[in-house]
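Chemist: The structure follows.
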Amino acid sequence: MSPTDIPDQTQPVLRRLTRAAELRRMWPLYLIFTTFALAALLAPLAAPFDPMEQDLFARLKPPGTTLGGYIYWLGTDELGRDLLSRIIYGARVSMMVALLSVTVSMITGTAIGLAAGYFRGWVEVILMRLVDIILSIPAILLAIIAVAVLGPGLQNLVIVLGFTRWPRYARVAYGQTLGVANMPFVAASRFIGLASWRILVRHILPNIVAPLIVVATLEFGLMIIWEAGLSFLGLGVQPPTPSWGSILSTGRNYVASAWWISTLTGACLFLLVLSVNMIGDFLRDRFDPHSIKR
Amino acid sequence: MNSFLVKRLGQTILSVWGVITVVFIILQMSGDPTLLMVPEGATQADIDSLRLQLGFDRPMIVQYGDYLWRLARLDMGVSLVQNIPVVDILAPRIFYTLYLASAALLVAFGIGLPVGIYIGIFRNNPLSRALMAVVLIGQSMPTFWSGILLIMLFAVNWAILPSSGAEGATSIILPAITLGALSMATVARITRTSIIEELGKEYIRAAKARGLSFAAVIGRHVMRNASIPLITIAALELSNLLAGAVIVETVFAWPGLGLLAVQSIEARDFPVVQVLVLLGSVVYIGLNLIADILYSVVDPRIKLDGQQG
Amino acid sequence: MLKKLLLTIYALVLALAGLGADSAMAAPDKLVVDLVNEPSTLDPHRQWNPDSYYVYRNIYDNLVTRDTAGKIVPQIATSWKLLDDTTVEFKIRTDVKFQDGSPLTAQDVVFSIKRITNPEFKSPQLGQFNSITDATATAPDTVVVKTGKPYPPLLAQLVKLSIVSKAYTEKVGDEKLNLEPMGSGPYKFVSWQKGVKVELAANENYWRGTPPFAAAEFRAVKDAATRIADLRTGKADLIVSLNSDNAAELKSASNLAVLSAPTERVAYLMMNTEYGPLTDVKVRRAVAYALDRKLIIDALLGGYSRITDELLTPAHFGYVEGVKAYPHDPVKAKALLAEAGYADGVTVELVTAPVFDQRIVQAIQQQLSKVGITVKISMGDMSTFLKRRRADPEGFGDMVFGRWSCACQDADGVLYAMFHSDSVWSKYANPELDKHLEAARSAMDPEVRLKHYRLANDIIADQVPSIPLYQAAAIYGAKKNLQWTPTANESLFLMDMSWK
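Chains as they are written, first to last, in the working numbering: chain C, 1 to 294; chain S, 1001 to 1309; chain U, 2001 to 2500.
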């Protein structure tokens, strides 16, 4: 459909990522991302309070409030829960949803794209037609309907987002595979009688993984935004589990009376997604300068 | 060209049928609107009788056949909840969604294009990096949050713009900015990429050698060629923006299709949801087709051979 | 090429912007109301949901209505009497004219009753009116309504019956009546801009007097934060569906007022007595003792809602004083759980929907966790919620948090539907309770009915198939100079409002 997906540079992604000069230039982005990732990983250690523990006598207290010997550094929410702890645990939930759904869609999409690009023929026709169908359904509507069917919740959210987003990876994997599959070393492997799955996994996959990681990085940021959007529509994770989306969508009802809830959570979400997007942007420049699509 | 169109048309019909089927199956799994329509405390008999009246007692395959047959006759059906033809519900809203999406596109291009040109010409200077970060902001904020912030600022605190609705000339501004911000970064990036590419080409050096000013080179040659991918992106982003409108319309009470979609999914108003999804996918497929055709018109070197998916 | 394209888009946007410019400013004597959704219908015989009837009840008059105190009073009917247990005779006004100038007659009343009770018409409200078997006009000012068997809530149901014009409906057809309604009420229909607003204009010849505003506009604004912004910026004069925290925020603004009324909606925690751990009455009582309803109401509901010890409110017929209440007593709750064999705790599933106050659900969850009951919240959208709400015992979940409204202010619409073993909304079977509910449903003597409801309420309080939490309040935000007293039946009668 568009001049995307032109295999460009097939260097291993990690080596390029860690190249010293570039790393130095991007350190603030990595720092932001690492901070949130650590907070998410170490949430039980990092959070001063239980993020679910309510105190109905300490509702909507501003940042820095001291009550009964405890300091609420970032204030409390509408049920008197410590906002700092909720943001830390929220990082965990939001990043987990994003990471898992990206993994699900990347694996599904890559497998389908590889198969279509390598086997060609009717496999290609059926799979790529399926990709077109899913891509043409407005993704957010598909997600809303699917959540309505499955019910909200962390697990279903991952399934729904994974199910909605895989065609993007399938497109890229397909295009890349088409390019790589024609290369002499693939024909040679086939000639010496290597099994198809072996060729796919050992020879083609390593050569197409870079652009897929670029897509995954950008999708990671997008999935954090989507989780928030579905929370706003009442289809996010189940209460009282904190996620950035759920805190933000409740907190926006208090923009005037308790600004800290939505502003602080929103700022965290913004910083994380911005840094991920900038890293993704940078990676795309390195691997896929012809790409014109998000 | 003709065989290309025929092939594309065939593919399109196949895709549309697939969309219809996928959506039909998912909606069937999501229950039906009967329970939402009867008053609380309705007896099983009342519920069953309404379900019977609405035709939900029939086997799924019969409902599916009925639905396909209606669509084949271009009959969009009647809303179960509002009891009026779906076309009458949709028609007035299409205008508002198109209006919002084009205004958002204008915002995205109005900011994304100059930024893209600048950072394409002056690569790697600090201002370039800062500008790129600025356009990326739009992509990094959930619209339901940025939307309410804009309302608080411009409508409540400064009282210079209306807070919601679609009355008056100024009511489009906040929704358009909120939605358009989503696409700014994409536009800027594509512009930059094409400019970098064009600047590296032979004819630029030739033009410079002829003594043309830098501005003239950019204006007359670079932008002309760089506009090709931008047209494609405009078409593709338009369908992205139509989807993004779902949340923006909810926040600003903008009476478009996105808000209708959310409401009719909640209400399980199947005929409306089905037509909306169908419309969305037809628009997506259509815009892709248009992008391809435009592409070949602007740059006759590109042939429409139908090999792209 | 690109420049041309951009110029075209720009010109297009300017042109479009110009289109809406003339309707920008609201007239001062126009009342603008922000609802949540647009009406699903303006045909009063179709759906009965607030966003619809808020609007159409201003266009139509009803046979009978409720006064601000909640008493059933005449509107189109002037008086009524029971001819026998299944026959009511209504005298109707002869001086009422429809907005098209034609007189409202007994024939129109009969037509309206027959229209809503005709199964072919597919009214979702059918179940509330199908006790009516016949309606006849015996004189120009007399209508006789017959029911199949004695049906005491008949009048309470007829409060919801709007009178449409027979001639107009037959002339324009059902579809047009929905799109261009015409009634005898204080406001005339002007336009319904789909998805945007419904506009009404005063009916200058209205028989009850001149309506207070020259025009009214009902807008659809789904997002509560946006509705509040609309009120603050003056775009709306009255907004609906706020919670207590929104109200607290509005109170700080000097030009705005918070209006509220306790409604006939009761928030409840219903328990599955037919499947799972809550089949044991000890566990159900433990839940009741574990809840601190007073804390929830004081801390979260800001005093707008009131505690209630039965599933009814003082606004209902059948409400009785002095039903047994369960005080907050976590020690007793733990003891009861231990007795039931759950000394180490128990896990239950609580089913709810986003439209109900999520703060309350989470507070309940925390209070129950303190006595060892772990609550897993299952929140689906309204359609999913309703499906589970009336599922069989295995699919119901262990508890449901919801708010019940029968829109009839009669115990029959609450207790029978929620607790009679025949009802799909009940997860409780008690022959003794069934007996009282059936007796109260068929006796025409209010004293007899009250006696049965007294006993029914006592059984429910003792056996706890459901815990009543509070009488929910409807909270509205308004400009300070709007004079209006909201009522329990959650109506927005423009006739009852005025500018101060």
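Note that beta-carbon positions come from the ideal geometry of N, C-alpha and C, so glycine has one too.
Listed from N- to C-terminal order along the chain, which residues in the region 2423 to 2434 of chain U have their beta-carbon within a distance smaller than 9 angstroms of any beta-carbon of chain S?
Modeler: Listed by position, the residues of the region 2423 to 2434 of chain U near chain S (Cβ gap below 9 angstroms) are SER2423, VAL2424 and TRP2425.
Chemist: Run the CB neighbour count on LYS2194 of chain U, radius 10 Å, all protein chains shown included, and call it buried at 16 or more, exposed below.
Modeler: Label assigned to LYS2194 of chain U: buried.
Chemist: Note down, in chain order, every chain C residue with its Cβ under 9 angstroms from the Cβ of LEU1014 of chain S.
Modeler: Neighbours of LEU1014 of chain S on chain C, chain order: ARG129, ASP132 and ILE133.
Chemist: If you measure beta-carbon to beta-carbon, which residues of the region 2375 to 2394 of chain U are closer than 9 angstroms to chain C?
Modeler: Correct list: LYS2376, ILE2377, SER2378, MET2379, GLY2380, ASP2381, SER2383 and THR2384.
Chemist: Locate the beta strand (DSSP E) running through ASP2084 of chain U, then write down its first and last residues.
Modeler: Per DSSP, ASP2084 of chain U belongs to the beta strand (DSSP E) from 2077 to 2084.
Chemist: Would the region 2371 to 2387 of chain U and the region 2348 to 2362 of chain U be scored as touching if the rule is three or more Cβ pairs under 8 angstroms?
Modeler: These segments touch.
Chemist: Determine which residues of the region 2340 to 2372 of chain U have a Cβ less than 7 angstroms from any Cβ of chain C, and write them out in chain order.
Modeler: Listed by position, the residues of the region 2340 to 2372 of chain U near chain C (Cβ gap below 7 angstroms) are PRO2354, GLN2358, ARG2359, VAL2361, GLN2362, ALA2363, GLN2365 and GLN2366.
Chemist: May I ask you to list the residues that DSSP assigns as paired with LYS2146 of chain U?
Modeler: Note: LYS2146 of chain U sits in a beta bridge opposite U:THR2087 and U:ASP2134.
Chemist: Name, please, each residue of chain S whose Cβ falls closer than 7 angstroms to the Cβ of VAL307 of chain C.
Modeler: A question about residue 307 of chain C goes unanswered here, because the residues of chain C that appear run from 1 up to 294.
Chemist: When DSSP labels each residue in this structure, what does ILE2373 of chain U get in the three-state scheme?
Modeler: If DSSP states are grouped into helix, strand and coil, ILE2373 of chain U belongs with the strands.
Chemist: Tell me, to the nearest whole angstrom, how far the beta carbon of VAL1038 of chain S is from that of PRO2124 of chain U; I am working on the premise that it is less than 8 angstroms.
Modeler: VAL1038 of chain S to PRO2124 of chain U, Cβ: 5 angstroms. Contact.
Chemist: Start and end of the alpha helix (DSSP H) containing ARG2115 of chain U?
Modeler: Note, ARG2115 of chain U: alpha helix (DSSP H), 2106 to 2117.
Chemist: Under DSSP, the alpha helix (DSSP H) around SER105 of chain C begins and ends at which residues?
Modeler: Where SER105 of chain C is concerned, the enclosing alpha helix (DSSP H) stretches over 83 to 119.
Chemist: Out of curiosity, what's the CA-to-CA distance linking ILE2459 of chain U and GLN155 of chain C?
Modeler: Each residue's alpha carbon lies about 41 angstroms from the other.
Chemist: Report the rounded CA-to-CA distance for ALA2440 of chain U versus GLU2321 of chain U, giving the unit in angstroms.
Modeler: Using only the alpha carbons, I get a separation of about 17 angstroms.
Chemist: Would LEU2155 of chain U pass as a contact of VAL2064 of chain U if the rule is Cβ separation under 8 angstroms?
Modeler: The answer is yes: Cβ separation under 8 angstroms.
Chemist: Starting from TRP226 of chain C and walking both ways along the alpha helix (DSSP H), at which residues does that stretch end?
Modeler: Counting along the chain, the alpha helix (DSSP H) containing TRP226 of chain C begins and ends at 205 to 232.
Chemist: According to DSSP, is GLU2274 of chain U part of a helix, a strand, or is it coil?
Modeler: Coil at GLU2274 of chain U, not helix or strand.
Chemist: Express the C-alpha separation of PRO1271 of chain S and SER1164 of chain S in angstroms, rounding to a whole number.
Modeler: If I take the Cα positions, the gap works out to 28 angstroms.
Chemist: So with CB distances below 8 angstroms, who are the chain U contacts of PRO1039 of chain S?
Modeler: In chain order: TRP2048, PRO2124, GLN2125, GLY2127, GLN2128, CYS2406 and ALA2407.
Chemist: Using a Cβ-Cβ distance cut-off of 8 angstroms, determine whether ASN2489 of chain U contacts chain S.
Modeler: False, the Cβ-Cβ gap to chain S never drops below 8 angstroms.
Chemist: With a threshold of 8 angstroms between beta-carbons, can PRO1142 of chain S be considered close to chain C, or not?
Modeler: Yes - at least one Cβ of chain C is within 8 angstroms of the one on PRO1142 of chain S.
Chemist: So, for GLN11 of chain C: in the same chain, excluding its five sequence neighbours on each side, which residues have a beta-carbon less than 6 angstroms away from its beta-carbon?
Modeler: For GLN11 of chain C, the predicted model reports a pLDDT of 49, less than 50, meaning its position is unreliable and no value from the coordinates is stated.
Chemist: If you reduce the DSSP assignment to three classes, tell me which class LEU2269 of chain U lands in.
Modeler: Strand at LEU2269 of chain U.
Chemist: Could you confirm whether any beta carbon from chain S is found closer than 8 angstroms to the beta carbon of ARG2066 of chain U?
Modeler: By this cut-off, ARG2066 of chain U is not an interface position.
Chemist: Counting C-beta neighbours from all protein chains within 10 Å, is the total for SER1239 of chain S 16 or more, i.e. buried, or is it exposed?
Modeler: The residue is buried, with at least 16 neighbouring Cβ atoms inside 10 Å.
Chemist: From this set, C:MET278, C:ARG286, C:THR76 and C:ASP285, which residue's C-alpha is nearest PHE33 of chain C's C-alpha?
Modeler: Among C:MET278, C:ARG286, C:THR76 and C:ASP285, the Cα nearest to that of PHE33 of chain C is on C:MET278.
Chemist: DSSP on PRO2431 of chain U, reduced to helix/strand/coil?
Modeler: It is helical.
Chemist: Please confirm whether ASN277 of chain C has its beta-carbon closer than 8 angstroms to some beta-carbon of chain S.
Modeler: Yes - at least one Cβ of chain S is within 8 angstroms of the one on ASN277 of chain C.
Chemist: Do ILE1195 of chain S and VAL1222 of chain S count as a contact pair if the criterion is CB distance below 8 angstroms?
Modeler: Yes. Within cutoff.
Chemist: Exposed or buried, TRP197 of chain C, counting other C-beta atoms within 10 Å across all chains shown (16 or more means buried)?
Modeler: It is exposed - the Cβ of TRP197 of chain C has fewer than 16 other Cβ atoms within 10 Å.
Chemist: What would DSSP say about PHE2098 of chain U, mapped onto helix, strand or coil?
Modeler: Coil, per DSSP.
Chemist: So, are the CB atoms of TRP2207 of chain U and ASP2108 of chain U less than 8 angstroms apart?
Modeler: Going by C-beta atoms, TRP2207 of chain U is not nearer than 8 angstroms to ASP2108 of chain U.
Chemist: Taking only three categories from DSSP, how would you classify ASP2378 of chain U?
Modeler: In the sequence on display, residue 2378 of chain U carries Ser and not Asp. Reduced to three states, the DSSP call for SER2378 of chain U is strand.
Chemist: If you drop the 5 nearest sequence neighbours on each side, which residues of the same chain put their C-beta closer than 7 angstroms to that of LEU1242 of chain S?
Modeler: Excluding sequence neighbours, LEU1242 of chain S sits near THR1097, ALA1101, GLY1280 and VAL1283.
Chemist: Determine the extent of the alpha helix (DSSP H) in which TRP1069 of chain S is found, giving its start and end residues.
Modeler: Element bounds for TRP1069 of chain S: 1060 to 1072.
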